[in-house]
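Data first, discussion second: the structure below is written as structure tokens.
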Amino acid sequence: MKTASLERQKSLAQWVSQATGINTFGVKIQLRGNDLHILCEGRDCPQRWQTLSDLLQALQQTDLEMLTKNQEPAIYQVFVYGRTKGEKRPQWCHRVYLNQLDRHLEQVNQALIKDAEKSSIKPGGAIIVSNESLARQGHPDAIARYLSETLSTLGVSVEVKVKNQKPQEKSSLEENRLWIFCQSSYSPDPSLIAEPIAQKLRDLKLLGYQDAVIASQVVGEIKPEWLLRIDLTPPEVMLKEWARWGDIQAIALVVGAALSELKVTVQASLKESTLHVFCTSTDSAIVPDKTTCLNAILPQLEAIAPQGILAATVYGQKTTEQQLHWIDWLSLPASEHPALASSVLELASSGDEPAIHFLLERLLNPDLNLRLKTGGIRVLLLRKGDLLHVMCDAPICPGRKKVAPKVTQCVRQLKIPNIIGVRVYGRRAGNKEPFWNYGVDFEQRQRLVPEATPEFAATSAYVNELLPSESSEPILRPDLTTEEVHTFVTEIARDWGATARKSLLTTQLFIEKDSSERNVDYQALKTALVWGTLGLLLTLQTDWILGQIVALTAQKTTVARVTSKSSSVDDENQGERTAFFADTSGQKSQSDSVFNASGFTKDDNTPPRGKATATAILLAARSQMPSFNARQLDEQLALYKQRLAKNGIPPKVLIIGSSRALRGIDPTALDKALATQGYPDIDVFNFGINGATAQVVDFIIRRVLEPSELPKIIIWADGSRAFNSGRDDATFKAIAASAGYQQAIQKVLASSTNDVQSATKEQQKTKAENQDVNSYQAVNQSLNEALANLSATYQQRDRFKAFLNKEFKSLPGISSSQPAASTQTTDNFEENYQQAVDFDGFLPLSIRFNPKNYYQKHPKVSGSYDNDYKSFQVAGEQDAAFQAVLEFTQAHKISLVFVNMPLTADYLDPVRSKYEQDFQQYMTSQVANSSLIYRDLSQLFPQTSKNFSDPSHLNRFGAYEVSKKLANDPMIPWTTK
């Protein structure tokens, strides 16, 4: 065997290489969940049994935990593969259980002997015991290995622990709770693993365990993502519990289990209060023995004592014949005990809670076999006043539409005394709070406030343990009277002023003063007034002197400008003469040529055509509408108004959203792509605004633009960040504090009667938010105006700044930095010019996202610390704005298409991915309840970084691809009119 010394190992791959003799390049390692996968390859496929023999002997002498990282999960089994280099699939695979290495090694040695003898007999040796057989014995490690067979394929590692449970009652025995800790690099959906794990655990039929709790935790996190409770009550106990209430299917299974050893099958039915049991043999030619069958059935029925069943009739017959061969009658305990004579339906109608519990649980679990496998839906009851509260929980939260109507109808038909309403809740087993609720009142109830959701701790003993409270929580003593509490509070509050005064004096930061020393020190006040007056006079004098200096500098500058202007005119005339005589020579000036030697246009560093930033700034400055405190909104609105004035009609398609829309959809590319699809001349405008949230989009669509200025198709391109109501919406707050916002609200109040109420609410909201800011601004402005009238320098502050700048640059050592400053100015000009939008409102960026270079200049922020996802929740002000947009577009027959824009894989870490999933569910629910068209492109090309300018924004190449994708989308109602 090749030795494998731990001192020389640096990785698992090196360890495998030294153990098997295979080159390091031919060994590949992957740890997935609790499974270690080892791939061995070479020019010739490694020999199976020799490779396994070397590995098994190395495993016996090696602790794998020392070769893995401290944070890696435990390894339960190893999969070894062998293949020829260059092939895609392995030629052989062998699974090794680390807790049975001796058995595996014996089996491998037998195989090596057979290979040496060139025998065709299959290898024998020791029998490998399955993990399931070991897990049935109740050992935690064996259970973990058994569960890892399923969870490791999902990348989830498992660890199992046992915790002793204190009995709820003194007479009951202690039971154990199984804790299953799952750890993975992501948060798996509970519905993905709930029922499979529940079924595997219940198949073990563990004894002595009350239930199991699955805790799923992401690697690196402190708290588990979710908890899941699985009922481990044995199937036999569940069957007898239902059989006790007279469930025919459960009785048949219990009696059938007692007759299974006799090879007799049982069928049962109920007529009135008599149970009919038909016994048939598995051998069609044999009639079951009457005495043997009765001796097995009667003890079972007497032990069960089914509710409401007075007697039983037992029949014996052949399987192939309808004729009965024998019959007998049995009396059951219900015929002797009046308490057992009433039917379950009668008890439930009288208000018996255990009977109601059984009826509801049986109603929600029609498939008895499925309930025995997974535990089914568990029902908890709580009667509070005239309401019956019903909690339904299961490994997967029961659906409201499937559960709530059934429960409501059942309770209504029971007509329980003093119950005039029912409240139904659904949750995943292990959660304390419900996921949904549903309520129906059978009669009108006099309630001034809605009922709060009750806690089911009284009937759910496991809730308090799954979600433990702080150990320091105060406990109220019920033996204290009101008088004792009042006396205690009075003693504590007595002389509190003197106690606080004494504490302050003890710190020696305060001293006790006499009444004579509390008079105002007028001498100190006079001194302060004198020095304050001198300081004010000095300030005024300095201001006057600086004003005189600035005035003299301005005069000198004016004279210099006049002189330089006259000289420049002479130079210009001289230059014109020189150019005239140069042209008469018949030679073409090289500087005037726009072509180079190859005949192509010269690269004269002139900016490309189509940039509309300068035009937008000019239009915004000339606009009579006041500013919105957002320069980009002012400029985009000015460009859009110019488009309306030029064409006379709105564009066919309007793109709106945040910077992801501004950079992500190219109107020109969309227009051309639509033309190839048979939609020519589709005018498209991009109204993207940096930082625009749902509130900003709602304000633009419903308040800034008139309905006649809107197209019939609006494409809202954005993502989950724009719908986060938990973060601070700085963009909308800045707009709400502007004069343009106030004018838009006043315009709505004056022109429309339908939107007066909503506009009034918006105005009151923004007024409350900006009241302090506006008052401060007013005081600040008045003080500035007063000081400006007194100051001689304030009126010429720009000249004074230029004067100081000039004097500063004249200092030694400063002038040398001038070229760098000019270069920086040129760079800033080019960068700003590259950020300019075109006349369609689109911002084309040619920057390609390269993670290696990008994260050298910018920090890589995870989703946990991203302010855009801070306190992420969709419900709130952003959701209200979105609903307002949906109602508005539907009322005006505008097709609203929401496009979830692409993101990179680097950006979608586990935290952001979870929020994206929540947002996907939210948008799906909106599509079901409205006319919204939702297109999800978030995973269009997560690995194609060349289509992005940064981790969450597209460049012009990605915008071109998205535009083509949208043009070919059949779900979007493009029109030719």
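Each number in our numbering corresponds to the 1-based position in the sequence shown with 17 added.
Positions of the beta carbon are idealized from the N, C-alpha and C atoms, including for glycine.
Nearest in C-alpha terms to L249, of all of I752, D403, Q47, D220, is D220. Within a 10 Å sphere around the beta-carbon of P90 sit 16 or more other beta-carbons, which makes this residue buried.
In this model, H111 and Y98 are separated by some 7 Å (Cα to Cα).
The three-state secondary structure of S201, taken from DSSP, is strand.
The residues L687, A690, L691, Q694, in chain order, have a CB closer than 7 Å to that of A984 in the same chain once the five nearest residues on each side in sequence are set aside.
Annotated three-state conformation of M918 is coil, per DSSP.
Annotated as proximal: D132 and W66, with beta-carbon spacing under 8 Å. Only buried fits R261, as 16 or more other CB atoms lie within 10 angstroms of its CB. For the set K449, D953, K335, the Cα lying nearest the Cα of M408 is the one of K449. Less than 8 Å separates the beta-carbon of D52 from that of S165. At the C-beta level, A976 and R677 stay beyond 8 Å of one another. Secondary structure note for T330: its beta strand (DSSP E) is the uninterrupted segment 328 to 334. At a cut-off of 4 residues, the continuous stretches assigned as alpha helix (DSSP H) that sit fully inside the segment 919 to 988 are 927 to 946, 973 to 984. A Cβ-Cβ contact shorter than 8 Å links I672 with I732.
As the crow flies, the alpha-carbon of R865 is around 5 Å from that of K963. DSSP, read as helix, strand or coil, puts L151 in helix.
Look at the beta carbons and you see the segment 629 to 640 touching the segment 651 to 671: at least three pairs across the two are nearer than 8 Å.
Residue nearest to A568 within the set T810, P157, A372, P451 is T810 (criterion: CA-CA distance).
Take the alpha-carbon of D306 and the one of S348: they are about 20 Å apart. The beta-bridge partner set that DSSP reports for W243 consists of S233. Counting only unbroken stretches of 3 or more residues, the beta strand (DSSP E) elements lying wholly within the segment 282 to 337 are 291 to 298, 328 to 334, in sequence order.
Under the three-state reduction of DSSP output, V179 falls in the strand class. A residue is called buried when at least 16 other Cβ atoms come within 10 angstroms of its Cβ; H406 meets this threshold and is buried. The straight-line gap separating the alpha-carbon atoms of R60 and S70 is approximately 20 Å. Residues K423, V424, C427 of the same chain have their beta carbon placed closer than 8 Å to that of L380, with the five preceding and five following residues left out of the count. Under the three-state reduction of DSSP output, W343 falls in the strand class.
Rounded to the nearest angstrom, the gap between the Cα atoms of N822 and A747 is 35 Å. Residue environment analysis places V44 among the buried positions, since at least 16 neighbouring C-beta atoms fall within 10 angstroms of its C-beta.
Burial is judged here by how many other beta carbons sit within 10 angstroms of a residue's own beta carbon; L376 has at least 16 and is buried. Going by beta carbons, K222 and P251 fall inside the 8 Å limit.
Straight-line measurement puts the Cα of S675 at about 11 Å from the Cα of Q712.
For Y696, the secondary structure class from DSSP, reduced to helix, strand or coil, is coil. Counted as a single uninterrupted DSSP element, the alpha helix (DSSP H) harbouring R417 occupies residues 417 to 431. The DSSP-derived three-state label of K45 is strand. Excluding the 5 residues flanking it on each side, V361 has same chain C-beta neighbours closer than 8 Å at W262, G263, Q324, G325, A372, F375, L376, in chain order.
Look at the beta carbons and you see the segment 865 to 875 not touching the segment 722 to 730: under three pairs across the two are nearer than 8 Å.
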